[in-house]
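Right, one structure below, let's go through it.
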Amino acid sequence: MSSDREQTLQTLCRLDKSIAELEKVRDRILTKKDAYPDNSDKALRQTKQLNVVVSDLRALQAEKAAAFKADVFVDEQVPYMAAFHGNLSALQTFVSSMSPVTSHYLEHSDRTTGNTPLLAACARGHVDCAKILVAVGADVNARNLRGSTPLHCACENGHVEVVAFLLDVPYLSPYSVDRRNQSALQVARNACLDNDAWARFKECARLLEEVHLIPGILSCMNQRCNL
């Protein structure tokens, strides 16, 4: 079982690296596209390139889904590993047979990061996994070792769909601060300034500014241009 686990983890790690490289390409294209008028020739060219990259990403994600084997992990790790790797099928299987005892596994935390399954799903951009976890009672205001909530994690990594989903959860607080005393909005704004491919982070900040009812992402981007 140990060798099967190591082999599975190695395969998942290899695919993660390939996916991460393609995501960088996708983000650069999105940022270039954001600079052009929607129907301009340059924007249309970027859209064509984006479609190719997205198709390649989906193929890698399908390969990763096939490589994931829930039975190589101990029971309490299954929801975390499924959420971390975005394996919706494995997570659904766990949830469908969840008992009062195994429901506690929803808050199983990684020793290194303190991330629960929901925190991991949000940090990695797996919105469908996040939806399932919230639906079955995962703590949407959970915190990891850095004091980050699921919303902080999604903003830090530019996962727009996850941010939009979390902001619709009625009992989530968008105003919580982490150990650095930063709100999710501050995290998203800082990410705009810290990343060359900033398009997704800008959208995360915009969504949060609507919640806070304040202007700001334009001034954030102006600040970036003046650096």
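Oh and the sequence shown: position 175 is 175 in the UniProt record's numbering, straight run, nothing missing. Each residue gets a CB set at the ideal place from its N, CA and C atoms; glycine is no exception. As the structure is a prediction and not an experimental result, all values here were calculated from the model.
Residue range of the unbroken alpha helix (DSSP H) whose run includes residue i
{"i": "Q138", "result": "Looking at the sequence provided, one finds Ala at residue 138 rather than Gln. Looking at the DSSP string, A138 is not in any alpha helix (DSSP H), and its letter there is neither H nor E."}
{"i": "N87", "result": "Where N87 is concerned, there is no enclosing alpha helix (DSSP H), given that its DSSP letter is neither H nor E."}
{"i": "D38", "result": "Note, D38: premise wrong, no alpha helix (DSSP H); not H, not E."}
{"i": "L118", "result": "P117 to R124"}
CA-to-CA distance, residue j to residue i, given in whole angstroms
{"i": "R111", "j": "P79", "result": "15 Å"}
{"i": "E156", "j": "V187", "result": "6 Å"}
{"i": "L227", "j": "D194", "result": "Low per-residue confidence applies at L227: pLDDT is 41, beneath 50, and the placement is therefore not dependable, though the value from the model is reported in the following sentence. About 11 Å."}
{"i": "H108", "j": "P117", "result": "7 Å"}
{"i": "D41", "j": "V211", "result": "34 Å"}
{"i": "S219", "j": "E63", "result": "Because S219 carries a pLDDT of 49, less than 50, the predicted location of this residue cannot be relied on, and no value is offered for it."}
{"i": "H85", "j": "T11", "result": "12 Å"}
{"i": "F165", "j": "A130", "result": "9 Å"}
{"i": "L44", "j": "S176", "result": "39 Å"}
{"i": "P37", "j": "N51", "result": "18 Å"}
{"i": "L60", "j": "L15", "result": "7 Å"}
{"i": "S183", "j": "P174", "result": "8 Å"}
{"i": "L213", "j": "A138", "result": "28 Å"}
{"i": "T47", "j": "C204", "result": "21 Å"}
{"i": "T31", "j": "L208", "result": "19 Å"}
{"i": "I217", "j": "E6", "result": "The pLDDT assigned to I217 is 48, lower than 50, so where the model puts this residue is not dependable; a value taken from the coordinates is nonetheless given after this. Rounded to whole angstroms, I217 to E6 spans 44 Å at the Cα level."}
{"i": "D4", "j": "A120", "result": "23 Å"}
{"i": "S148", "j": "R124", "result": "14 Å"}
{"i": "N190", "j": "G114", "result": "23 Å"}
{"i": "K17", "j": "A70", "result": "20 Å"}
{"i": "D27", "j": "E161", "result": "15 Å"}
{"i": "D178", "j": "P100", "result": "31 Å"}
{"i": "L88", "j": "D196", "result": "31 Å"}
{"i": "E21", "j": "K202", "result": "21 Å"}
{"i": "Q92", "j": "V169", "result": "20 Å"}
{"i": "D33", "j": "H126", "result": "In the sequence on display, residue 33 carries Lys and not Asp. When rounded, the distance between both Cα atoms is 24 Å."}
{"i": "V140", "j": "R180", "result": "20 Å"}
8 Å contact criterion, which residue i and residue j should meet: CB distance rounded
{"i": "I29", "j": "L57", "result": "That pair is no contact at about 12 Å."}
{"i": "L172", "j": "L185", "result": "About 14 Å; that fails the 8 Å criterion."}
{"i": "V136", "j": "M98", "result": "7 Å"}
{"i": "residue 243", "j": "T8", "result": "The requested residue 243 does not occur in the structure, where the chain is confined to residues 1 to 227."}
{"i": "F68", "j": "A83", "result": "The pair is not a contact, with the Cβ atoms about 11 Å apart (cut-off 8 Å)."}
Review point. Counting Cβ pairs closer than 8 Å, one from the region 90-110 and one from the region 41-56, do we hit at least three?
Key: no
Point to revise | Continuous alpha helix (DSSP H) assignments of at least 4 residues falling wholly in the region 143-209 | key: 150-156, 160-167 and 184-194
Practice item. Can you check the region 48-77 for any alpha helix (DSSP H) of at least 4 residues that lies completely inside it and give the ranges in chain order? Key: none
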